[in-house]
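Chemist: Here the protein sequences come in this chain order: A and B.
Heads up: the first sequence at position 320 corresponds to 772 in the numbering used here, and the numbers run straight through without jumps.
Heads up: the second sequence at position 184 corresponds to 636 in the numbering used here, and the numbers run straight through without jumps.
Cβ atoms here follow ideal geometry from the backbone N, Cα and C, with glycine treated the same way.
Number of protein chains: 2
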Amino acid sequence: MFQILKTEGRARRGVFTCAHGTAQTPVFMNVGTQGAIKGAVSSHDLKTLGCQIELSNTYHLHLRPGDGVVRQLGGLHRFMDWDGPILTDSGGFQVFSLSGLRKITEEGVTFASHIDGRRIFMGPEESMQIQSNLGSDIAMAFDECIENPAPFDYVEASCARTYRWLERCVAEHQRLNQQPGCVNPQQMLFGINQGGTYPELRVRHMEQIAQLPCDGFAIGGLAVGEPTQTMYDIIDAVEPHMPREKPRYLMGVGTPSNIIEGVARGIDFFDCVMPARNARHGKLFTWEGTINIKNEKYKLDDRPIDPACTCPTCAAFSRAYVRHLLAAGEMLAMRLAVMHNLHFYNELMARIRQALDEGRFEAFRAEYSEKLGRPAP
Amino acid sequence: MFQILKTEGRARRGVFTCAHGTAQTPVFMNVGTQGAIKGAVSSHDLKTLGCQIELSNTYHLHLRPGDGVVRQLGGLHRFMDWDGPILTDSGGFQVFSLSGLRKITEEGVTFASHIDGRRIFMGPEESMQIQSNLGSDIAMAFDECIENPAPFDYVEASCARTYRWLERCVAEHQRLNQQPGCVNPQQMLFGINQGGTYPELRVRHMEQIAQLPCDGFAIGGLAVGEPTQTMYDIIDAVEPHMPREKPRYLMGVGTPSNIIEGVARGIDFFDCVMPARNARHGKLFTWEGTINIKNEKYKLDDRPIDPACTCPTCAAFSRAYVRHLLAAGEMLAMRLAVMHNLHFYNELMARIRQALDEGRFEAFRAEYSEKLGRPAP
């Protein structure tokens, strides 16, 4: 269930409800690819960090430990001890970005596991079955994710196939939810818009999939190589054709600025590996801009990473300490840095929501959209 | 200050007090080599895990970030945000085990940094100065740590030098504690007994160092290659010559069984990297014996690592989940496993103390001394 509480321009302030609770939107989903967050962060830590929705990856969990194992252990919520909402992606993105030799047919994709090279087939039905075994709250449709740019004719044909795959996903998803012993019979399904960087293909595809009984819609295949302005232009083109009453998810995006601009364009859900990945390289977000904690100038800096931050790292440890741990190759550096960046992203969303609640989102956007991406002074 | 509350045979139940609080003994010190515990475990986690004394390494912190940096940042307690007792080793063990080319003279040791090969000199005075800068509660004397076995003549000469070094440590330590701006003017100094595997050298050396005004005494140079029974024999030989009213520390030891046997022989302090290192390889301690969590048989095992354990890992996560994380190479596996093993060691000490309090340590020893080292049934 999705309820819009308030709007400002195209930006939306909402509440999303699923089998494992509610999420205030706009929301940033925290990525736990293999059922754990990179950097030694657990599901319990996610609660502390203000995470509302956890995101795990169908492709990875299918390969290891196997979705059958997770199902036998009671589903992903129990497996990773996270009682809040979970979204699983469809595996499509990883099949096309991580795995080796692959062959696409109308039926689906045959690909080689990135772990052991084993040949695996995944089509719409398989993706739905895996996600049903995982018992996530939101399953994502199985789609082809194309690199940008790609030839018009290829994208057009791919969109048509992704539409047919979505029809099959919807049917299989409905069937699975009604099976006895289904891990999460209230699992929702989100459709995914594709169309590369061609506005007319994007719009046509969105109009088609909007007719299908999905619980929400995502824009996929962006932030995969195209210029940022192109991404914004595509969102601008597609958004008017997305059902207003359903949640909208911009997949794999992005920087704080991208997120603020996405919200301004009517997006409700986001996810990205960036905060955790940047953290592991010492690139940390603050409300004054980014800092590289490896920098020599922090060697004797006794202040927290961001004096304005309330995360567990900033509450206890100094820049000098985090810098030392990173230089010394201590795993604790990863944990402290990742916790800070994830908390920053969740706090960013909280501030965006508060600005929307108070009718001052445009002022917030003007103050922070560029600032958060620049190096701190 | 050290107070013995109760004894059973040679085993002692005591309370140790220093500038940063008290520790109930026998105690196991948790190792945070570079100011952080391996496996993404922080000083705050140590509190949760029941740690009473944290141990950091002079050699590592001298090289990185530099003890001058730690001093400028207010000392090690503030640097790592740990307000309990800290013991620092002298650097001697690492100088002899980690660094490259080294040259020993009466003055001290010149060695090559294992990080960048830089030539560094460390003698008794330098070790005391570094530990004073770190501001630990217990400084360890600078000694030569010899591999076992070593020729009698070499060990005898080394013992004589280590005794002269201890005299210099005592003098320098007293001088530093009286300097204005000393980070921790109440820092204590423990002397270290050496003598390889030669009981007569061990006893002679112990009798000599017992005359010097140290706050406690350690047995060093054991668990470095000699048979376990030899280690016990050496403790049996040395212990009667250790001052009864001062704490005794068996350095770098050991397995749960070694610790129980050490307590039975009158030892109060222990430390070892084993619980953390074993954890990182999937070898976990339980009250039924050890388990290797990588084993296939745990793939679908929904039980905690040890159903009798109250650690944060066992409170939330299953064997199957920890096994999956380890197989998937997730850092969280390290954290969950290390937290379990450290908690186990701290709990082991708590149970030893309770057994001593209740006059049933020998029964405890009979039940657990062998069992805890064997694979669980």
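Measuring only between beta-carbons, confirm whether glutamine 546(A) sits less than 7 Å from chain B.
Modeler: Chain B, which has no Cβ nearer than 7 Å to the Cβ of glutamine 546(A), makes this no.
Chemist: Kindly provide the ranges of any alpha helix (DSSP H) runs that are 4 or more residues long and lie completely inside the stretch 654-708 of chain B, ordered along the chain.
Modeler: The stretch 654-708 of chain B contains these whole alpha helix (DSSP H) runs: 680-690.
Chemist: Curious, which full-length beta strand (DSSP E) runs of at least 3 residues does the stretch 584-628 of chain B contain?
Modeler: List check, beta strand (DSSP E) in window: 590-592.
Chemist: So, for glycine 677(B): in the same chain, excluding its five sequence neighbours on each side, which residues have a beta-carbon less than 7 Å away from its beta-carbon?
Modeler: Same-chain partners within the cutoff: Glu599 and Asn600.
Chemist: Out of curiosity, what's the CA-to-CA distance linking glycine 527(A) and asparagine 585(A)?
Modeler: Roughly 7 Å separates the two Cα atoms.
Chemist: Beta strand (DSSP E) containing glutamine 455(A): first to last residue?
Modeler: Residues 454-460.
Chemist: Quick check on serine 508(B): does DSSP put it in helix, strand or coil?
Modeler: Here serine 508(B) sits in strand by DSSP.
Chemist: Pull the bridge partners of methionine 783(A) from the DSSP assignment, please.
Modeler: Paired residues: none, contrary to the question.
Chemist: Can arginine 465(A) and arginine 805(A) be called in contact, C-beta distance under 7 Å?
Modeler: Their beta carbons are under 7 Å apart, which means arginine 465(A) touches arginine 805(A) by this criterion.
Chemist: Helix, strand or coil, according to DSSP, for lysine 499(A) in the structure here?
Modeler: Note: lysine 499(A) maps to helix in three-state DSSP.
Chemist: Can you find a C-beta in chain A that's less than 7 Å from the C-beta of glutamate 506(B)?
Modeler: Output row for glutamate 506(B): interface = no.
Chemist: Whose C-beta lies closer than 7 Å to the C-beta of alanine 739(A) among residues of the same chain, with five residues either side of it excluded?
Modeler: Here the sequence assigns tryptophan to residue 739(A), which means alanine is not the residue at that position. Asp758 and Ala760, listed in sequence order.
Chemist: By a C-beta neighbour count over all protein chains shown, 10 Å radius and 16 as the cutoff for buried, is glutamate 822(A) buried or exposed?
Modeler: Looking at its Cβ environment, which holds fewer than 16 other Cβ atoms inside 10 Å, glutamate 822(A) is exposed.
Chemist: Could you work out which residues of chain A lie near proline 756(B), taking near to mean beta carbons separated by less than 8 Å?
Modeler: What proline 756(B) touches in chain A: nothing, since even the nearest Cβ is about 11 Å away.
Chemist: Beta-carbon of glutamine 524(B) versus every beta-carbon of chain A: anything under 7 Å?
Modeler: So yes, glutamine 524(B) belongs to the interface.
Chemist: Helix, strand or coil: how does DSSP classify lysine 751(B) here?
Modeler: Reduced to three states, the DSSP call for lysine 751(B) is coil.
Chemist: Using a beta-carbon distance cut-off of less than 7 Å, what residues from the stretch 780-796 of chain A approach chain B?
Modeler: From the stretch 780-796 of chain A, only Ala780, Glu782, Met783, Leu784, Met786 and Arg787 have a Cβ closer than 7 Å to chain B.
Chemist: According to DSSP, is arginine 464(A) part of a helix, a strand, or is it coil?
Modeler: In the structure shown, arginine 464(A) sits in a strand (DSSP, three-state: E or B).
Chemist: At a CB distance below 7 Å, what residues from the stretch 510-537 of chain B approach chain A? Give them in sequence order.
Modeler: Answer in chain order: Arg516, Pro517, Val521, Gln524, Leu525, Phe531, Met532 and Asp533.
Chemist: Scan the stretch 715-735 of chain B for residues whose Cβ lies nearer than 8 Å to a Cβ of chain A and list them as they occur along the chain.
Modeler: Within the stretch 715-735 of chain B, no residue has a Cβ that lies closer than 8 Å to any Cβ of chain A.
Chemist: If I measure Cβ to Cβ from threonine 649(A) and keep anything under 7 Å in the same chain, skipping five residues before and after, which residues do I get?
Modeler: Once the five neighbours on either side are set aside, the close Cβ partners of threonine 649(A) are Asn600, Pro601, Glu678, Thr682 and Ile686.
Chemist: Let me make sure I understand the geometry here. Which of Gly502(B), Val561(B), Cys597(B) and Gly587(B) has the alpha-carbon closest to that of phenylalanine 545(B)?
Modeler: Comparing Cα positions, the closest option is Cys597(B).
Chemist: For tyrosine 773(B), go through chain A and note every residue whose CB falls closer than 7 Å to its CB, in chain order.
Modeler: Going along chain A in sequence order, the residues near tyrosine 773(B) (Cβ under 7 Å) are Phe531 and Met532.
Chemist: Kindly indicate which residue of Met453(A), Val774(A) and Met481(A) has the alpha-carbon position closest to the one of glycine 706(A).
Modeler: For the residues Met453(A), Val774(A) and Met481(A), the minimum Cα distance to glycine 706(A) belongs to Met481(A).
Chemist: Taking the DSSP output, what are the residues bridged to lysine 735(A)?
Modeler: Per DSSP, Asn744(A).
Chemist: In the DSSP assignment, what are the bridge partners of valine 635(A)?
Modeler: Its beta-bridge partners do not exist; DSSP assigns none.
Chemist: Who are the near neighbours of glycine 575(B) in its chain, counting only those whose CB is closer than 8 Å to its CB and skipping five residues on each side?
Modeler: Glu559, Gly560, Val561, Phe594, Trp617 and Arg620, listed in sequence order.
Chemist: Name the residue from Gly781(B), Thr510(B), Ala612(B) and Met532(B) whose alpha carbon lies nearest to the alpha carbon of glutamate 577(B).
Modeler: The shortest C-alpha separation from glutamate 577(B) is found at Thr510(B).
Chemist: Would you kindly work out how many angstroms separate the C-alpha atoms of aspartate 754(B) and histidine 733(A), rounded to a whole number?
Modeler: Going from the Cα of aspartate 754(B) to the Cα of histidine 733(A) covers about 35 Å.
Chemist: Considering only residues of the same chain and omitting the five flanking positions on each side of arginine 654(A), which have a CB-CB separation below 7 Å?
Modeler: Here the set comprises Asn645, Gly647, Ile686, Ala689 and Val690.
Chemist: How about the stretch 459-479 of chain B and the stretch 490-500 of chain B: do they share at least three Cβ pairs that are nearer than 8 Å?
Modeler: No, because fewer than three Cβ pairs between the stretch 459-479 of chain B and the stretch 490-500 of chain B fall closer than 8 Å, the two stretches do not touch.
Chemist: Of all the CB atoms in chain A, is at least one closer than 7 Å to the CB of alanine 623(B)?
Modeler: So, not an interface residue.
Chemist: Do proline 708(B) and glycine 668(B) have their C-beta atoms closer together than 7 Å?
Modeler: It is not a contact, given that the beta carbons lie outside the stated cut-off.
Chemist: Along the stretch 483-494 of chain B, where does the CB come closer than 8 Å to a CB of chain A? Name the residues.
Modeler: From the stretch 483-494 of chain B, only Gln486, Gly487, Ala488, Ile489, Lys490, Gly491, Ala492, Val493 and Ser494 have a Cβ closer than 8 Å to chain A.
Chemist: Would you say alanine 768(B) lies against chain A (beta-carbon separation less than 7 Å)?
Modeler: Judged by the 7 Å Cβ criterion, alanine 768(B) is in contact with chain A.
Chemist: Applying the 10 Å Cβ sphere with the 16-neighbour rule, what's the burial state of glutamine 630(B)?
Modeler: Result: exposed.
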